[in-house]
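A.B. asks:
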Amino acid sequence: MAEILINVVIAFLAGSLLLGLHRKIMARVQKRPGPPIIQHLLHSLKFFFKETAFPKTVSMPFYIGIVFILAAIWVVGVIVGPVTHNSLLILFGVYAVYKIVEHNSGSSSGSPYGKASCVRAVLSAATELPLFAAIVLVYLKTGSMNIGNIISYQVNNGPLAFSIPLAAIMFFLLLLSKSPYSPFGITKDKALISGFETEHFGFLRGFIMFSESISWYVMLWVFLTIFFGPLTVVGYVIGMIVITFITGFINAVTPILNPNHSVMSQITMGAVCFVGTILMILI
Amino acid sequence: MLDYLIYLLTFVIGSILGLLYSYKLHGEPYVADGSLNIKMCIISIVGWILALNSVNIILGGIGFLLAGFVMGERPGYGRKETAIGLAIAILIYLNIALNVM
Numbered sequence: 004m005a006e007i008l009i010n011v012v013i014a015f016l017a018g019s020l021l022l023g024l025h026r027k028i029m030a031r032v033q034k035r036p037g038p039p040i041i042q043h044l045l046h047s048l049k050f051f052f053k054e055t056a057f058p059k060t061v062s063m064p065f066y067i068g069i070v071f072i073l074a075a076i077w078v079v080g081v082i083v084g085p086v087t088h089n090s091l092l093i094l095f096g097v098y099a100v101y102k103i104v105e106h107n108s109g110s111s112s113g114s115p116y117g118k119a120s121c122v123r124a125v126l127s128a129a130t131e132l133p134l135f136a137a138i139v140l141v142y143l144k145t146g147s148m149n150i151g152n153i154i155s156y157q158v159n160n161g162p163l164a165f166s167i168p169l170a171a172i173m174f175f176l177l178l179l180s181k182s183p184y185s186p187f188g189i190t191k192d193k194a195l196i197s198g199f200e201t202e203h204f205g206f207l208r209g210f211i212m213f214s215e216s217i218s219w220y221v222m223l224w225v226f227l228t229i230f231f232g233p234l235t236v237v238g239y240v241i242g243m244i245v246i247t248f249i250t251g252f253i254n255a256v257t258p259i260l261n262p263n264h265s266v267m268s269q270i271t272m273g274a275v276c277f278v279g280t281i282l283m284i285l286i
Numbered sequence: 059m060l061d062y063l064i065y066l067l068t069f070v071i072g073s074i075l076g077l078l079y080s081y082k083l084h085g086e087p088y089v090a091d092g093s094l095n096i097k098m099c100i101i102s103i104v105g106w107i108l109a110l111n112s113v114n115i116i117l118g119g120i121g122f123l124l125a126g127f128v129m130g131e132r133p134g135y136g137r138k139e140t141a142i143g144l145a146i147a148i149l150i151y152l153n154i155a156l157n158v159m
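Protein sequences appear in the order of chains A and B. Add 3 to the 1-based position in the first sequence for the numbering used here, that's all there is to it. Add 58 to the 1-based position in the second sequence for the numbering used here, that's all there is to it.
1) Report the option in His46(A), Phe230(A) and Ile244(A) whose CA atom is closest to the CA atom of Pro162(A).
2) Compare the C-beta of Pro133(B) with all C-beta atoms of chain A and state if any pair is closer than 8 Å.
3) Tell me whether the stretch 79 to 94 of chain B and the stretch 271 to 284 of chain A touch, counting them as touching only if at least three CB pairs, one residue from each stretch, are closer than 8 Å.
4) With distances taken between CB atoms, is the gap from Leu108(B) to Ile100(B) smaller than 8 Å?
5) Residues in the same chain with beta-carbon distance under 8 Å from Ser147(A), minus the five sequence neighbours each way, listed in chain order, please.
6) Between which residues of its own chain and Leu48(A) is the CB-CB distance below 8 Å, once the five residues before and five after are set aside?
7) Give the DSSP-derived three-state secondary structure of Asn95(B) in the structure shown.
8) Could you tell me which residues DSSP pairs with Ser90(A) in its beta bridges?
9) Taking the alpha-carbon of Met59(B) as reference, which of Val125(A), Pro85(A) and Leu134(A) has the nearest alpha-carbon?
10) Any beta carbon from chain A within less than 8 Å of Ile100(B)'s own beta carbon?
11) Does Pro133(B) pass the burial test, meaning 16 or more other C-beta atoms within 10 Å, or should it be called exposed?
12) Once DSSP output is grouped into helix, strand and coil, what is the label at Ser182(A)?
13) Is there at least one Cβ from chain A nearer than 8 Å to Ser112(B)'s Cβ?
14) Would you kindly check if the distance between the Cβ of Tyr66(A) and the Cβ of Ser112(A) is under 8 Å?
15) How many Å lie between Leu73(A) and Leu227(A) at the Cα?
16) Straight-line CA distance for Pro183(A) to Ile116(B)?
17) Between Ser112(B) and the rest of its own chain, which residues show a CB-CB distance below 7 Å, the 5 nearest in sequence each way excluded?
18) So is Leu77(B) in contact with chain A if we call contact Cβ pairs under 8 Å?
19) Can you check which of these residues, Ile284(A), Cys276(A), Met283(A) and Leu285(A), is closest to Leu132(A) by C-alpha distance?
20) Applying the 10 Å Cβ sphere with the 16-neighbour rule, what's the burial state of His25(A)?
21) Return the CA-CA distance between Ile41(A) and Gly23(A), expressed in angstroms with no decimal places.
22) Among the candidates Val266(A), Gly279(A), Leu282(A) and Leu134(A), whose CA atom is the shortest distance from the CA of Ser127(A)?
23) When DSSP labels each residue in this structure, what does His264(A) get in the three-state scheme?
24) Quick one, which of Ile9(A), Phe15(A), Leu21(A) and Ile82(A) has its alpha-carbon nearest Gly242(A)'s?
25) Measure the Cβ-Cβ separation of Gly163(B) and Ser73(B) and say whether it is below 8 Å.
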């Protein structure tokens with residue numbers, strides 16, 4: 004139990020600092036000073052002490068419950084990933100529920116911005132296809148869905164990023180789509196204010212930011228673990244910072260795509276990488 | 059994992075203290091400060107060396123606190139100091155690692 008708690012707090016703190024770094028990198032690329040790296044963490048903590056207002060249009064108790072479900076699924080992500088090294092399928096399930104949460108968080112708010120974001124959450128489920136394909140390819144290569152077994156496979160055969168690089172690119176697409184201000188981030192398009200989060204205030208927003216920090220950490224951890232083999236803590240720190248740098252740079256120079264372009268480009272890239280990896284495995 | 063949690067917490071606390079201290083000293087609108095603050099530079103060097111090279115949790119924690127204090131200063135301050143501190147600490151870390159090999 005203590006290990007779970009320690010890992011969740013580490014995931015929250017490290018994820019918050021990485022998201023703060025992401026924002027800083029985007030700002031520096033755009034020649035702005037940007038906020039301090041600690042800002043994302045301070046914002047998350049601040050919301051827990053802000054007044055919480057409930058709009059009249061919300062659908063109770065779903066409106067509140069969905070936020071706790073969001074936090075719970077990413078805590079499960081920490082348990083399945085860094086703590087127990089369990090099955091990738093459970094992590095796929097976590098990501099699938101996350102999409103449902105995005106959808107229902109928008110619809111339960113009663114706001115037109117939330118509802119538009121809710122519709123886009125259904126479209127953006129397309130990001131799950133490259134994720135699922137990447138997991139299938141890892142299974143075909145290693146013969147296991149278990150993270151512990153995948154690590155053992157890489158100890159003997161070298162990192163999967165070198166043997167199935169296109170699958171790694173597919174997974175990276177998922178990271179890119181989940182990063183803030185992503186070209187694929189159609190659910191949080193600024194035309195929708197804050198998308199599905201628009202009508203969540205005070206401690207509810209605090210929980211959403213808490214979950215986002217954990218989710219960024221968990222996804223980076225999973226990517227580094229299943230494609231770059233057993234890493235030391237220094238390896239994880241460097242890897243997470245490098246990926247945050249890359250996504251920050253891409254997001255700073257790329258405008259957001261419109262929903263159908265976002266979906267089509269992700270599915271096309273996913274399909275090309277999937278077929279390419281199958282060919283690489285067969286040949 | 060508890061030691062990494064302590065390092066993260068001390069870094070965060072150091073950053074918050076650095077931000078508060080820095081805003082107290084510099085209340086003016088944003089300016090990119092090109093000058094090198096010697097005092098902060100020494101704190102940064104000591105902090106990063108302790109953070110990256112110490113095997114003791116307490117010393118490592120103090121290191122991250124000091125490193126976070128300089129790195130967490132308000133935007134425009136503490137950048138050069140952090141870069142110098144980090145570069146020296148990484149050089150020492152690599153030197154130790156190569157000697158061990």
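Don't be surprised by glycine CBs; every beta carbon is placed ideally from N, CA and C.
C.D. replies: Let me spell this out:
1) Reading the first sequence from its first residue, position 159 is the one you call residue 162(A). The residue with the shortest Cα to Cα distance from Pro162(A) is Phe230(A).
2) As a position in the second sequence, residue 133(B) is number 75, starting the count at 1. Cβ-Cβ to chain A under 8 Å: yes for Pro133(B).
3) no
4) Residue 108(B) sits at position 50 when you count from the first residue of the second sequence. Residue 100(B) sits at position 42 when you count from the first residue of the second sequence. In this structure, Ile100(B) does not lie closer than 8 Å to Leu108(B) by Cβ.
5) Residue numbering aside, residue 147(A) sits at position 144 when the first sequence is read from its first letter. Correct list, in chain order: Ile153 and Tyr156.
6) Walking along the first sequence from the start, residue 48(A) turns up at place 45. Answer for Leu48(A): Gly209, listed in chain order.
7) The count along the second sequence starts at 1 and reaches residue 95(B) at position 37. Asn95(B) falls in the coil class under three-state DSSP.
8) Against the first sequence, residue 90(A) aligns to sequence position 87. According to DSSP, which records beta bridges pairwise, Ser90(A) is partnered with Asn149(A).
9) Taking the first residue of the second sequence as position 1, residue 59(B) is located at position 1. Comparing Cα-Cα distances from Met59(B) to each of Val125(A), Pro85(A) and Leu134(A), the minimum goes to Pro85(A).
10) What you label residue 100(B) is simply residue 42 of the second sequence in a count that begins at 1. Answer no: the Cβ-Cβ gap between Ile100(B) and chain A never drops below 8 Å.
11) Locating residue 133(B) in the second sequence gives position 75, where the first residue counts as 1. Classification for Pro133(B): buried.
12) The residue given as residue 182(A) occupies position 179 in the first sequence. DSSP places Ser182(A) in coil when its eight states are reduced to three.
13) For the purposes of this step, residue 112(B) is taken as the residue at position 54 of the second sequence. So no, Ser112(B) is outside the interface.
14) Within the first sequence, the letter at position 109 stands for residue 112(A). Within the first sequence, the letter at position 63 stands for residue 66(A). Contact: yes.
15) Looking up residue 73(A) in the first sequence gives position 70. Looking up residue 227(A) in the first sequence gives position 224. Those two C-alpha atoms are separated by around 23 Å.
16) Counted from its first residue, the first sequence places residue 183(A) at position 180. Counted from its first residue, the second sequence places residue 116(B) at position 58. Rounded to the nearest angstrom, the two C-alpha atoms are 35 Å apart.
17) Here residue 112(B) refers to the residue found at position 54 when the second sequence is read from its first residue. Counting only Cβ-Cβ distances below 7 Å, and skipping sequence neighbours, we find Gly118 and Gly121.
18) The residue labelled residue 77(B) in the question sits at position 19 within the second sequence. At least one CB atom of chain A sits nearer than 8 Å to the CB of Leu77(B).
19) For the purposes of this step, residue 132(A) is identified with residue 129 of the first sequence, where counting begins at 1. The candidate whose alpha carbon is nearest that of Leu132(A) is Cys276(A).
20) Start at 1 with the first residue of the first sequence, and residue 25(A) comes out as number 22. Buried is the call here.
21) Numbered from 1 along the first sequence, position 38 holds the residue referred to as residue 41(A). Numbered from 1 along the first sequence, position 20 holds the residue referred to as residue 23(A). Going from the Cα of Ile41(A) to the Cα of Gly23(A) covers about 6 Å.
22) Here residue 127(A) is taken as the residue at index 124 of the first sequence, counted from 1. Nearest option by C-alpha distance: Val266(A).
23) Residue mapping note: residue 264(A) aligns to position 261 of the first sequence, counting from 1. Under the three-state reduction of DSSP output, His264(A) falls in the helix class.
24) Locating residue 242(A) in the first sequence gives position 239, where the first residue counts as 1. Checked all of Ile9(A), Phe15(A), Leu21(A) and Ile82(A); the closest Cα to Gly242(A) is Leu21(A).
25) As shown, chain B starts at 59 and ends at 159. That puts residue 163(B) outside it, with no answer to give.
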